[in-house]
Amino acid sequence: MTSMLTDDVVLDPPVANDGQVVWSLVKDDLRREFGEDTYKSWISKLECKDCSNATVNFTVPTRFIRDWVITHFEKKIVKAWQKHNNCIKKINIIISKSKSTLNVVESSVQNKLKLIQQDDDQSEFLQLSLDRRFVFDNFVAGPSNEFAYAAARAVSESKKVQPGSNPLFLYGGVGLGKTHLMHAVAWHIQETNPSRKVVYISAEKFMYQFIKALRTNEIMQFKEKYRSADVLMVDDIQFICGKDSTQEEFFHTLNTLIDNNRQVVISGDRSPSDLQNMEERIKSRLGWGLVADIHNTTYELRLGILQSKVEKIQVSVPNQVLEFLAAKITSNVRELEGALNKVIAHTNLTKQEVTLANTQDILRDLLRSNEKNITIEEVQKKVAERHNLKVSDMYSSKRSRNIARPRQIAMYLSKTLTVHSLAEIGKKFGGKDHTTVMHAIKKVELLLQSDKEFSEDVRLLTKVLEC
Ligand code: ADP
Ligand code: MG
């Protein structure tokens with residue numbers, strides 16, 4: 044008896060008891076701060092083990108919950124704790140399956156636990172395939188992606204499937220944020236509605252798993268897995284092509300889910316109707332819902348993305364460098380981020396400050412490959428094509444407005460997109476004087492500010508030439 048008492052004292056030092064008491068107070072504060080839903084989904088899953096030194100130790104049942112709590116609530120928990128005991132500086136969370144799970148004997152309870160366990164595995168599996176940085180908070184919206192962004196947000200926030208947005212089809216070129224938005228939708232649903240079963244998969248994996256299931260006679264399990272999803276997300280749909288049986292299976296999965304009012308989100312590198320080697324009926328079904336495209340980034344968006352990144356990682360990079368990168372790395376956001384990371388890593392390693400000079404130096408090769416050597420001839424050709432003129436009109440002296448205006452645009456674009464001087468440009472436009480070119484540029488700049496249609500025309504031409 045005495046020894047048991049002694050054991051008790053050893054196992055439960057007073058500080059741990061204090062921890063439990065404080066934790067129940069902190070939990071009340073957090074429940075008030077976050078509201079019942081968030082509290083139940085996340086905070087209530089934390090079991091306080093003890094406090095040692097300046098750390099509170101918790102356990103949670105799954106890695107998914109741990110990661111989510113750390114990302115979203117760590118600082119707030121510490122802050123709430125400090126109100127009661129300001130010696131606490133951090134929290135530590137480890138994963139531990141609750142003991143009671145192991146001791147339960149009653150079979151119905153055990154089955155239920157198994158199901159819970161499966162759900163946990165499901166969410167752990169999901170979170171393993173999701174990039175933790177790809178959340179809405181880290182996504183910068185701008186004119187080129189704001190429709191896709193708004194559509195993704197709406198789908199992730201809506202409790203019910205909106206018939207007009209099922210499936211949601213996001214498309215755009217490589218590195219422009221499709222996967223980021225897909226993951227953000229999945230994270231958001233997991234956070235706000237953890238009981239919804241989200242399945243995220245790349246189309247390539249879908250194909251691979253389907254073929255594997257056929258081989259191993261597990262096709263029923265395969266069907267069940269995808270058709271039981273509340274939200275099915277398939278990334279890079281362009282890779283489901285050719286293979287007829289996979290397309291067939293995909294089509295039926297798509298139909299079953301949509302007919303049962305489950306949300307489907309698909310991404311692709313082109314619009315549904317442009318998908319090659321894809322059955323017509325699938326293309327048509329994919330185009331039924333909401334189709335949102337992501338265009339190439341603008342300079343402002345690139346700058347905004349860079350500014351948001353350096354702010355998040357708290358590195359000081361002069362604005363001049365960010366402006367330089369935003370102007371020079373125009374291909375896509377992945378390359379833009381890569382360039383920034385490279386500069387930061389390099390200067391870190393060599394203990395230098397980030398400056399424009401060392402940025403140019405570090406990125407020399409990358410910058411060269413990003414520089415698409417646009418020629419004056421190319422500019423003339425594209426401008427003439429767009430305005431239904433002959434290329435020779437570009438170097439003629441005809442003064443009618445329908446020819447003179449496009450010619451001025453071509454001169455302007457030659458100045459902004461190529462490295463040639465005013466004199467060189469004049470020469471290529473039928474031996475005109477450099478002051479004529481200068482006048483053209485000024486005129487275009489004025490019109491860009493006052494005439495929306497005109498500026499859209501110039502923007503599109505620039506895009507065509509840069510691609
Ligand atoms: P995609 O799937 O379209 O090829 P990703 O979603 O993988 O492109 O994006 C490439 C990289 O660029 C990712 O690191 C992503 O976080 C980043 N990115 C793309 N668009 C944005 C944006 N608007 N704001 C912040 N980061 C972005
Ligand atoms: Mg992608």
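Using our numbering, the first residue of the sequence shown is number 44, and each one after it goes up by one. Cβ atoms here follow ideal geometry from the backbone N, Cα and C, with glycine treated the same way.
Original post:
Under the criterion of a Cβ to heavy atom distance below 7 Å, does His223 qualify as lining the ligand ADP?
Top reply: Numbered from 1 along the sequence shown, position 180 holds the residue referred to as residue 223. Under cutoff, so the answer is yes.
Original post:
If you follow the alpha helix (DSSP H) that Gly222 is part of, which residue opens it and which one closes it?
Top reply: Against the sequence shown, residue 222 aligns to sequence position 179. The displayed chain sequence assigns Thr, not Gly, to residue 222. Start and end: 221 to 235.
Original post:
Under the three-state reduction of DSSP, which class applies to Thr373: helix, strand or coil?
Top reply: If you number the sequence shown from 1, residue 373 lands on position 330. Note: Thr373 maps to coil in three-state DSSP.
Original post:
At what residues does the alpha helix (DSSP H) containing Ser84 begin and finish?
Top reply: Within the sequence shown, residue 84 is the residue found at index 41, counting from 1. From DSSP, the alpha helix (DSSP H) with Ser84 extends over 79 to 84.
Subject >> Coarse secondary structure for Ala427, derived from DSSP in three states >> reply: Residue mapping note: residue 427 aligns to position 384 of the sequence shown, counting from 1. In this structure, Ala427 counts as helix in the three-state DSSP scheme.
Original post:
Would the C-beta of Asp279 count as close to the ligand MG, meaning under 7 Å from any of its heavy atoms?
Top reply: Residue numbering aside, residue 279 sits at position 236 when the sequence shown is read from its first letter. Indeed, a heavy atom of the ligand MG lies less than 7 Å from the Cβ.
Original post:
Mapping DSSP to helix, strand and coil, what is Asp526?
Top reply: This structure does not reach residue 526, given that the chain is present from 44 up to 510, and the question cannot be answered.
Original post:
Should Glu292 and Phe253 be called a contact, given that it needs their Cβ atoms to be closer than 8 Å?
Top reply: The sequence position of residue 292 within the sequence shown is 249, counting from 1. The sequence position of residue 253 within the sequence shown is 210, counting from 1. Yes.
Original post:
Under a Cβ-count criterion, where at least 16 other Cβ atoms within 10 Å of its own Cβ denotes burial, should Val217 be classed as buried or exposed?
Top reply: Walking along the sequence shown from the start, residue 217 turns up at place 174. Counting Cβ neighbours within 10 Å, Val217 comes out exposed, since fewer than 16 surround it.
Subject >> Same chain, Cβ closer than 6 Å to Trp124, five either side skipped, listed in chain order >> reply: On the sequence shown, residue 124 is found 81 positions in, with the first residue counted as 1. Val69, Ile131, listed in sequence order.
Subject >> Whole-Å CB distance - Ile138 paired with Val103, under 8 Å assumed >> reply: Residue numbering aside, residue 138 sits at position 95 when the sequence shown is read from its first letter. Residue numbering aside, residue 103 sits at position 60 when the sequence shown is read from its first letter. That belief holds up - the Cβ atoms of Ile138 and Val103 are roughly 6 Å apart, short of 8 Å.
Original post:
Which word fits Ile356, buried or exposed, when buried means at least 16 other C-beta atoms lie within 10 angstroms of its C-beta?
Top reply: Within the sequence shown, residue 356 is the residue found at index 313, counting from 1. Exposed, by the Cβ-count rule.
Subject >> Check: Gly311 C-beta below 7 Å from any heavy atom of the ligand ADP >> reply: Indexing the sequence shown from 1 puts residue 311 at position 268. Because no heavy atom of the ligand ADP lies under 7 Å away, the Cβ of Gly311 does not count as near it: no.
Subject >> the ligand ADP heavy atom lying under 7 Å from the CB of Glu380 >> reply: On the sequence shown, residue 380 is found 337 positions in, with the first residue counted as 1. For Glu380, the shortest C-beta to heavy atom distance toward the ligand ADP is below 7 Å.
Subject >> Reduced DSSP category for Val501 - H, G, I as helix; E, B as strand; rest coil >> reply: On the sequence shown, position 458 is the one that residue 501 refers to. Val501: helix per DSSP, three-state reduction.
Original post:
Of all the beta strand (DSSP E) runs that stay within the bounds of the segment 279 to 355, which reach a length of 3 or more residues?
Top reply: 306 to 311, 333 to 337
Original post:
What residue range is occupied by the uninterrupted beta strand (DSSP E) comprising Val103?
Top reply: For the purposes of this step, residue 103 is taken as the residue at position 60 of the sequence shown. Its beta strand (DSSP E) spans residues 98 to 103.
Original post:
Which residue's Cα is closest to the Cα of Ser245: Ser84, Leu460, Leu346, Asp279?
Top reply: Here residue 245 refers to the residue found at position 202 of the sequence shown. Checking every option, the nearest Cα to that of Ser245 belongs to Asp279.
Subject >> Assumed close pair Tyr418, Ser187 - CB separation to whole angstroms, cut-off 8 Å >> reply: Position 375 of the sequence shown, counting from 1, holds the residue named residue 418. Position 144 of the sequence shown, counting from 1, holds the residue named residue 187. Before going further, note that residue 418 is Thr rather than Tyr in the sequence given. Going by Cβ atoms, the distance from Thr418 to Ser187 rounds to 26 Å, so no, they are not a contact pair.
**OP:** Please check the pair Val426 and Leu456, which I expect to be a contact at CB under 8 Å, by giving their CB distance rounded to whole angstroms.
**Re:** Taking the first residue of the sequence shown as 1, we reach residue 426 at position 383. Taking the first residue of the sequence shown as 1, we reach residue 456 at position 413. Yes, they are in contact, since the Cβ atoms of Val426 and Leu456 sit about 7 Å apart, within 8 Å.
**OP:** Just mark Arg324 as buried or exposed, buried being the case when its beta carbon has 16 or more other beta carbons within 10 Å.
**Re:** As a position in the sequence shown, residue 324 is number 281, starting the count at 1. The residue in question, Arg324, is exposed, as its Cβ has fewer than 16 Cβ neighbours within 10 Å.
Original post:
If Tyr243 sits next to Met225, beta carbons under 8 Å apart, how far is it from one beta carbon to the other, in whole angstroms?
Top reply: Position 200 of the sequence shown, counted from the first residue, corresponds to residue 243. Position 182 of the sequence shown, counted from the first residue, corresponds to residue 225. Sure, about 7 Å apart at Cβ, within 8 Å.
Original post:
So, are the CB atoms of Val178 and Leu344 less than 8 Å apart?
Top reply: Numbered from its first residue, the sequence shown carries residue 178 at position 135. Numbered from its first residue, the sequence shown carries residue 344 at position 301. No, Cβ-Cβ distance for Val178 and Leu344 is not below 8 Å.
Original post:
Out of Lys326, Ile301, Asn304, which has the shortest C-alpha to C-alpha gap to Ile283?
Top reply: For the purposes of this step, residue 283 is taken as residue 240 along the sequence shown, with counting starting at 1. Nearest C-alpha to Ile283: Lys326.
Subject >> Between the CA atoms of Arg429 and Arg448 - distance to the nearest angstrom >> reply: For this step, residue 448 is matched to residue 405 along the sequence shown. For this step, residue 429 is matched to residue 386 along the sequence shown. If you take the alpha carbons of Arg448 and Arg429, they lie about 12 Å apart.
Subject >> Pick from Lys118, Lys126, Arg502 that is closest to Thr459, judged by C-alpha positions >> reply: By one-based count along the sequence shown, residue 459 stands at place 416. Considering only alpha carbons, the answer is Arg502.
**OP:** Under 7 Å Cβ to Cβ from Arg239, same chain only, skipping five residues before and after it: list those, please.
**Re:** Locating residue 239 in the sequence shown gives position 196, counting from the first residue. Same-chain partners within the cutoff: Ile232, Asp273, Val274.
Subject >> Residue from Asp71, Asn128, Phe77 with nearest C-alpha to Thr98 >> reply: Locating residue 98 in the sequence shown gives position 55, where the first residue counts as 1. Cα-wise, what sits closest to Thr98 is Asn128.
**OP:** Please state whether DSSP places Ile468 in a helix, a strand or coil.
**Re:** By one-based count along the sequence shown, residue 468 stands at place 425. If DSSP states are grouped into helix, strand and coil, Ile468 belongs with the helices.
Original post:
Sorted by chain position, which residues of the same chain lie with C-beta nearer than 6 Å to Glu378's C-beta, five sequence neighbours on each side aside?
Top reply: Counted from its first residue, the sequence shown places residue 378 at position 335. Closer than 6 Å at the Cβ level, and outside the excluded window around Glu378, lie Ile372.
**OP:** Report back the beta-carbon spacing between Leu211 and Val308 to the nearest angstrom; my notes put them in contact at under 8 Å.
**Re:** The count along the sequence shown starts at 1 and reaches residue 211 at position 168. The count along the sequence shown starts at 1 and reaches residue 308 at position 265. Sure, about 5 Å apart at Cβ, within 8 Å.
Original post:
Does the ligand ADP have even one heavy atom less than 7 Å from the beta-carbon of Ile348?
Top reply: For the purposes of this step, residue 348 is identified with residue 305 of the sequence shown, where counting begins at 1. The answer is yes for Ile348.
Original post:
Excluding five sequence neighbours on each side, which residues of the same chain lie with their C-beta closer than 6 Å to the C-beta of Phe497?
Top reply: Within the sequence shown, residue 497 is the residue found at index 454, counting from 1. Leu490.
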